[in-house]
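Undergrad: Chains as they are written, first to last, in the working numbering: chain V, 0 to 544; chain L, 76 to 604.
Just so it is clear, CB atoms sit at the ideal spot from N, CA and C, and this is done for glycine as well.
#1: Please list, in chain order, the chain V residues whose beta carbon lies closer than 9 angstroms to that of residue 602 of chain L.
#2: For residue 67 of chain L, report the span of its alpha helix (DSSP H) as first-last.
#3: Once DSSP output is grouped into helix, strand and coil, what is the label at residue 313 of chain L?
#4: Short of 6 angstroms in beta carbon distance, which residues of its chain neighbour residue 203 of chain L, apart from the five on each side in sequence? Order them along the chain.
#5: What are the boundary residues of the alpha helix (DSSP H) that includes residue 582 of chain L?
#6: With burial defined as no fewer than 16 other Cβ atoms inside 10 Å of the residue's Cβ, what is the status of residue 497 of chain V: buried or exposed?
#7: Enumerate in chain order the residues of its own chain whose CB-to-CB distance from residue 243 of chain L is below 7 angstroms, with the five nearest sequence positions on each side excluded.
#8: Compare the C-alpha of residue 302 of chain L against each of L:343, L:499, L:443 and L:385 and name the closest.
#9: What are the uninterrupted segments assigned as beta strand (DSSP E) that are 3 or more residues long and contained completely in the stretch 409 to 474 of chain L, given in chain order?
#10: Nearest by alpha-carbon distance to residue 182 of chain V: which of V:43, V:451, V:67 and V:138 is it?
#11: Counting only beta-carbon atoms, is residue 255 of chain L nearer than 8 angstroms to chain V?
#12: Listing by chain order, which chain V residues have their CB less than 7 angstroms from the CB of residue 277 of chain L?
#13: Taking 7 angstroms as the cut-off, is the beta-carbon of residue 372 of chain V closer than that to any non-hydrogen atom of the ligand HEM?
#14: Classify residue 438 of chain L: buried if its beta carbon has 16 or more other beta carbons within 10 angstroms, exposed otherwise.
#15: Whose Cβ in chain L lies nearer than 8 angstroms to the Cβ of residue 534 of chain V?
#16: By the criterion of Cβ-Cβ separation under 8 angstroms, what are the contact partners of residue 138 of chain V in chain L?
#17: Would you say residue 440 of chain V faces chain L, with C-beta separation under 8 angstroms as the test?
#18: Could you tell me if residue 149 of chain V is buried or exposed, where buried requires 16 or more neighbouring beta carbons within 10 angstroms of its beta carbon?
#19: Taking the beta carbon of residue 470 of chain L as the centre, do at least 16 other beta carbons fall within 10 Å, making it buried, or is it exposed?
#20: List, in order along the chain, the chain L residues whose C-beta lies closer than 9 angstroms to that of residue 196 of chain V?
#21: For the stretch 245 to 266 of chain V, which residues have a beta carbon sitting closer than 8 angstroms to at least one beta carbon of chain L?
#22: Using 8 angstroms for Cβ pairs, my map puts residue 113 of chain V next to residue 63 of chain V. What's the rounded Cβ distance?
#23: Considering residue 215 of chain L, what are the terminal residues of the beta strand (DSSP E) in which it resides?
#24: Give every residue of the same chain whose Cβ lies closer than 6 angstroms to the Cβ of residue 366 of chain V, excluding the five residues on either side of it in the sequence, and list them in chain order.
#25: Return the bridge partner residues of residue 469 of chain V from the DSSP annotation.
#26: Confirm, please, whether the CB-CB distance from residue 455 of chain L to residue 431 of chain L is below 8 angstroms.
#27: Identify the contact partners of residue 523 of chain V in chain L, using a Cβ-Cβ distance below 8 angstroms as the criterion.
#28: Does the pairing of the stretch 291 to 309 of chain V with the stretch 257 to 268 of chain V give three or more beta-carbon distances under 8 angstroms?
#29: So, residue 123 of chain L versus residue 168 of chain L, is the Cβ gap smaller than 8 angstroms?
#30: Use the C-beta contact count for residue 423 of chain V: other C-beta atoms within 10 angstroms, 16 or more gives buried, fewer gives exposed.
#31: Do you know how far the Cα of residue 544 of chain L is from the Cα of residue 486 of chain V?
#32: At the level of alpha carbons, what is the spacing between residue 151 of chain V and residue 205 of chain V?
#33: Verify the CB distance criterion: does residue 485 of chain V have a CB-CB separation below 8 angstroms to chain L?
#34: Is the Cβ-Cβ distance between residue 383 of chain L and residue 330 of chain L less than 8 angstroms?
#35: Please state whether the Cβ-Cβ distance between residue 272 of chain L and residue 245 of chain L is less than 8 angstroms.
#36: Alpha helix (DSSP H) containing residue 260 of chain V: first to last residue?
Put into structure tokens, the structure is as follows:
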């Protein structure tokens with residue numbers, strides 16, 4: 000999944016020319032905020048009708064409450080926490096300032112009533128691949144009403160409600176009478192963070208989960224381990240992080256950390272899908288697990304370096320069995336990402352034991368078949384833990400026989416449309432990541448490029464289109480850690496967020512610019528250091544470092 | 076000696092540490108060190124003024140506050156140092172500072188010597204410098220030489236350093252007009268600048284989008300031209316705070332009040348300053364650059380720059396003068412009449428020239444040296460010789476040729492073109508900054524001497540307090556080394572890479588949100604979000 004871009008070419012391709020002292024001409028294409036009729040709503044709901052009638056919200060009297068007849072009550076943690084969170088977002092620090100008593104003006108909105116309409120609210124569950132996130136929001140007197148079949152929709156609706164509230168010239172909170180019917184266009188709206196190339200402190204992960212919920216993302220694809228380090232502290236194999244993390248205590252995720260992240264995500268309707276990428280991208284695994292990786296040979300002797308996971312040893316599968324059993328217990332989501340990308344065959348080729356095994360199994364020199372053999376066995380191991388598998392596209396490309404519920408993650412930019420066609424033609428659900436590698440930065444408003452992507456831009460049938468369940472914005476970690484992750488991800492990922500949530504015809508870049516600029520200031524106000532889109536200011540600038 | 080009795084693992088560690096011994100960034104001009112190392116204990120460490128100076132040096136508040144600042148930088152983790160070392164007399168260590176000139180109360184300027192010598196031996200380090208500014212640079216170097224071993228014990232290697240900057244002007248430009256930068260962001264940048272031995276903060280304080288400088292004489296400029304008249308301005312005391320913070324770190328503050336272009340925000344609070352643009356025979360309601368045909372403009376600028384030069388103590392003032400769009404001037408009948416009267420024909424560069432000449436004269440009457448962007452040189456024949464020209468345009472071939480032309484004309488030159496680091500790209504683009512050779516242009520020795528230094532620019536279109544620090548650091552460090560160190564010793568970015576990585580980690584340790592250069596980790600990661 001890491002694009003094989005060569006460093007030298009990257010360095011050479013840096014734009015050194017400057018047309019103007021300050022800016023590229025391109026960047027001026029969108030710079031005038033003409034205002035959107037949709038205010039600061041992001042991502043844009045499916046159906047919005049706004050009236051000019053406005054109501055005031057008073058921080059002392061406004062409440063978010065369970066509606067009568069709602070299937071979720073005071074014991075529903077997800078909602079109670081969300082009520083408080085959004086109350087704070089709506090009123091900020093303005094809450095509780097001494098003022099004179101006054102009668103509630105007739106134009107005041109005093110309550111938002113939240114009603115979960117389905118018999119089972121999902122309050123105590125985890126969000127899943129088919130969770131219903133739809134909701135309807137009616138803002139009118141005397142109450143605003145938010146109706147959703149499940150708590151997941153209520154969470155999305157609360158975010159929308161908070162985005163409808165604005166400050167008048169006197170700093171008073173107001174909201175216009177409105178009616179919103181909303182649901183996501185795509186079910187899977189993910190963000191990939193890479194905690195192996197750089198360790199990301201818990202705080203950073205939590206802040207980004209918060210930003211995800213503000214942007215209605217619902218999947219945290221946790222690329223938790225890779226070549227450079229193994230920060231996941233396994234209860235079964237503690238030596239993996241003991242030896243393979245950057246530091247065995249300061250640069251690891253303990254079971255408690257992982258639990259905290261999963262619960263924090265659950266409270267925001269976000270799934271946590273961990274990726275344990277094999278058989279390549281596993282250098283750090285080898286440090287704590289002897290004989291797991293393939294010893295590479297230089298001529299007839301081991302060179303001392305190691306390659307991918309050794310696919311010919313039974314011990315490898317014993318290990319994977321136990322590890323994935325643990326993973327299936329630690330991570331509640333129904334899916335695990337197995338990676339399977341970028342396997343370098345050189346080391347396998349050099350190893351005489353592997354050559355011998357290939358001969359014995361009549362695989363000849365076809366190392367892709369060896370990789371498939373490995374993945375096939377791994378898929379079986381994971382299926383036995385009652386989990387579904389997500390895999391990078393190579394696994395499909397190599398002709399591995401995939402279980403029907405496997406999800407193929409398409410990441411390669413070249414041949415993209417053909418790949419989307421082929422994967423869906425074979426009947427597999429697909430997630431699109433290729434156009435949204437946010438680790439690749441460039442000067443100017445590159446969010447527009449992400450925004451203009453149409454995920455179904457390939458020649459597939461309706462049935463094929465339906466198999467594209469969503470996409471992911473990926474922030475690979477080569478050049479990203481806690482110092483720069485958040486401003487690099489937001490609001491650029493917000494562009495992907497709207498593309499995956501809003502209707503297909505929401506494509507007006509100027510309208511999006513206006514809403515997104517306000518949305519980014521709102522993120523800043525909520526403590527997320529989201530970087531600016533262009534020359535501008537926020538009423539409340541970022542106060543951090 | 077303690078070193079001789081070290082056991083084998085410790086010796087091996089010494090070998091490993093050899094890489095980190097030369098961890099100073101930017102690399103000093105002359106550095107010799109050995110494997111001999113001395114432990115340092117925070118409880119037995121002190122700063123001293125040199126004996127012969129004691130009488131006159133006791134009241135150098137600038138150095139006293141530097142000592143206070145550097146103590147926790149030298150011992151970032153006081154607790155792990157405490158208790159590990161037995162408190163014995165032989166562990167006592169002094170840093171003895173001696174200066175030739177007692178100039179503790181002034182501001183640094185273009186003539187300030189930053190030269191220093193640092194000798195670290197058993198029990199003491201001796202820091203000699205001409206001026207307090209050199210002492211500050213030496214303190215920074217000393218702080219970078221102190222390291223911690225795996226037990227948390229602080230140590231320093233036997234070292235001899237003789238150091239001075241290759242270029243006297245090593246600047247960073249921040250743009251507070253396109254996005255307002257809260258005071259804290261500016262102060263944090265000044266801190267990090269001192270760590271990399273930058274010595275000029277070029278404050279591009281106002282521009283088209285907003286006018287955050289609160290003027291005493293013309294308060295309407297910010298009350299009408301700032302993004303917000305209360306929350307998005309720099310008050311006079313804010314400015315003083317920046318000046319003081321910078322002075323304490325040996326950093327000059329050179330403000331830029333760019334005109335006649337880039338002044339849209341000025342017009343909001345100062346009626347009749349900008350040129351009214353015309354559509355046919357009537358004003359279009361839009362405004363162009365400052366009106367060069369009106370005497371009012373010069374009266375205003377004269378009064379305004381008088382204030383500016385009294386607020387900002389530096390002998391230099393940046394006057395801008397770039398990217399002037401002539402179409403509004405061309406549309407205005409009064410300007411056309413003025414052109415005719417002055418005999419400029421249709422050549423609007425002559426008009427711009429006329430304006431800039433006036434502004435430069437106003438500035439020199441205020442006893443300040445002008446810096447202008449290269450446009451002023453490119454279009455104008457007559458510029459006072461002592462005006463400094465700031466190059467910002469083009470690819471290496473172009474800016475080299477420009478440097479050649481300017482120095483041939485006898486002007487001092489400031490190189491900005493290669494270091495526009497608001498332009499970002501994937502990967503290790505610091506290497507491009509690092510490989511710049513400021514003196515590699517056709518010219519005589521005399522011409523080369525006229526290149527006074529360079530500047531890293533962080534224009535503000537896409538930058539505010541959310542992303543400024545990680546975009547600036549450690550990318551700006553590449554230029555810092557290019558401008559300070561001996562080029563012949565620092566040709567290879569590859570060789571510099573591990574040292575820069577180590578330096579980036581120490582920036583993190585010091586609270587600077589410096590982004591990573593490649594996969595890896597720092598012992599102490601950044602703790603914020």
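TA: With the structure as the only source:
#1: Residue mapping note: residue 602 of chain L aligns to position 527 of the second chain, counting from 1. Within chain V, the residues near residue 602 of chain L are 200, 202 and 481.
#2: Outside the shown range of chain L, which is 76 to 604, sits residue 67 of chain L, and nothing can be said about it.
#3: To locate residue 313 of chain L, count along the second chain from 1; it is residue 238. Residue 313 of chain L: helix per DSSP, three-state reduction.
#4: The residue you call residue 203 of chain L lines up with position 128 of the second chain. Hits under 6 angstroms: 173 and 192.
#5: Your numbering for residue 582 of chain L matches position 507 in the second chain. 568 to 584 is the span of the alpha helix (DSSP H), which, as asked, contains residue 582 of chain L.
#6: Here residue 497 of chain V is taken as the residue at index 498 of the first chain, counted from 1. By the 10 Å Cβ count, residue 497 of chain V comes out buried.
#7: Within the second chain, residue 243 of chain L is the residue found at index 168, counting from 1. So the qualifying residues of the chain are 185, 527 and 528.
#8: By one-based count along the second chain, residue 302 of chain L stands at place 227. Of the listed residues, the one whose Cα sits closest to residue 302 of chain L is L:343.
#9: 444 to 448 and 463 to 466
#10: The count along the first chain starts at 1 and reaches residue 182 of chain V at position 183. When only C-alpha atoms are compared, the closest one is V:43.
#11: One-based indexing of the second chain puts residue 255 of chain L at position 180. Cβ-Cβ to chain V under 8 angstroms: yes for residue 255 of chain L.
#12: On the second chain, residue 277 of chain L is found 202 positions in, with the first residue counted as 1. Near residue 277 of chain L there are no residues of chain V at all, since even the closest Cβ is about 13 angstroms away, more than 7 angstroms.
#13: No copy of the ligand HEM appears in this structure; indeed no ligand is present at all.
#14: Here residue 438 of chain L corresponds to residue number 363 of the second chain, with the count starting at 1. Buried, by the Cβ-count rule.
#15: Counted from its first residue, the first chain places residue 534 of chain V at position 535. Within chain L, the residues near residue 534 of chain V are 253, 254, 284, 535 and 536.
#16: On the first chain, position 139 is the one that residue 138 of chain V refers to. The contacting residues do not exist; residue 138 of chain V stays about 29 angstroms from chain L at best.
#17: In the first chain, the residue the question calls residue 440 of chain V occupies position 441. Yes, residue 440 of chain V counts as interfacial toward chain L.
#18: For the purposes of this step, residue 149 of chain V is taken as the residue at position 150 of the first chain. Looking at its Cβ environment, which holds 16 or more other Cβ atoms inside 10 Å, residue 149 of chain V is buried.
#19: Locating residue 470 of chain L in the second chain gives position 395, counting from the first residue. Under this definition residue 470 of chain L is an exposed residue.
#20: On the first chain, position 197 is the one that residue 196 of chain V refers to. The contacting residues are 591, 593, 594 and 595.
#21: 245, 246, 249 and 250
#22: The residue you call residue 113 of chain V lines up with position 114 of the first chain. The residue you call residue 63 of chain V lines up with position 64 of the first chain. So it is a contact: roughly 6 angstroms between Cβ atoms.
#23: The count along the second chain starts at 1 and reaches residue 215 of chain L at position 140. It is not in any beta strand (DSSP E) - residue 215 of chain L instead sits in the alpha helix (DSSP H) that spans 207 to 220.
#24: Counted from its first residue, the first chain places residue 366 of chain V at position 367. These residues qualify, in order along the chain: 344 and 347.
#25: One-based indexing of the first chain puts residue 469 of chain V at position 470. V:187 and V:430, per the DSSP bridge assignment.
#26: Position 356 of the second chain holds residue 431 of chain L. Position 380 of the second chain holds residue 455 of chain L. Yes, the Cβ-Cβ distance between residue 431 of chain L and residue 455 of chain L is below 8 angstroms.
#27: In the first chain, residue 523 of chain V corresponds to position 524, counting from 1. Within 8 angstroms Cβ-Cβ: 541.
#28: no
#29: Indexing the second chain from 1 puts residue 123 of chain L at position 48. Indexing the second chain from 1 puts residue 168 of chain L at position 93. No, Cβ-Cβ distance for residue 123 of chain L and residue 168 of chain L is not below 8 angstroms.
#30: Mapped onto the first chain, residue 423 of chain V falls at position 424. So residue 423 of chain V counts as buried.
#31: Sequence index remark: in the first chain, residue 486 of chain V carries index 487 (1-based). Sequence index remark: in the second chain, residue 544 of chain L carries index 469 (1-based). Cα to Cα, the separation comes out at about 11 angstroms.
#32: Counting from 1 along the first chain, the entry for residue 151 of chain V is found at position 152. Counting from 1 along the first chain, the entry for residue 205 of chain V is found at position 206. One C-alpha to the other measures close to 19 angstroms.
#33: The sequence position of residue 485 of chain V within the first chain is 486, counting from 1. Output row for residue 485 of chain V: interface = yes.
#34: Numbered from its first residue, the second chain carries residue 383 of chain L at position 308. Numbered from its first residue, the second chain carries residue 330 of chain L at position 255. Yes. Within cutoff.
#35: On the second chain, position 197 is the one that residue 272 of chain L refers to. On the second chain, position 170 is the one that residue 245 of chain L refers to. Closer than 8 angstroms, so yes.
#36: By one-based count along the first chain, residue 260 of chain V stands at place 261. First-last of the alpha helix (DSSP H) with residue 260 of chain V: 254 to 265.
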